Amino acid sequence: MPTVCANCGRLSLRRKELPQGGADFHVLVCNDCHTTWDRDENAALNMRLMLVLQLLGRDRPAVFCRQEGGVD
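With the UniProt record's numbering, letter number 55 in the sequence shown gets 55, and the count goes up by one each step, no holes.
If you want it as structure tokens, here you go:
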């Protein structure tokens, strides 16, 4: 499942590639804003955003909504 960057709000995070090959699944890099994230920190910031929006009575940004007809 694509991951939303907590900095720019885009679905463009990828695993950081390691110099010796492979990828580190705990570290994510945004293809758009080039921010490097700890996976858990990014998730926590996105969850905080959802809570704040809910408390303010606002809708989720479309990037966080499931697409109709998709398989989850």
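Quick reminder that beta carbons are idealized off the backbone N, C-alpha and C, glycines included. Here the structure is a predicted model, which is why all the values come from computation and not from measurement.
According to DSSP, which residues form a beta bridge with Cys30? As a position in the sequence shown, residue 30 is number 30, starting the count at 1. Beta-bridge pairing by DSSP links Cys30 to Leu13.
From which residue to which residue does the alpha helix (DSSP H) around Asp40 run? The residue labelled residue 40 in the question sits at position 40 within the sequence shown. 39–55 is the extent of the alpha helix (DSSP H) around Asp40.
Assess contact between the stretch 32–51 and the stretch 1–13, defined as three or more Cβ pairs (one per stretch) separated by less than 8 Å. Is contact present? With three or more CB-CB distances shorter than 8 Å, the stretch 32–51 counts as touching the stretch 1–13.
Classify Ala23 as helix, strand or coil using the three-state DSSP reduction. Start at 1 with the first residue of the sequence shown, and residue 23 comes out as number 23. If DSSP states are grouped into helix, strand and coil, Ala23 belongs with the strands.
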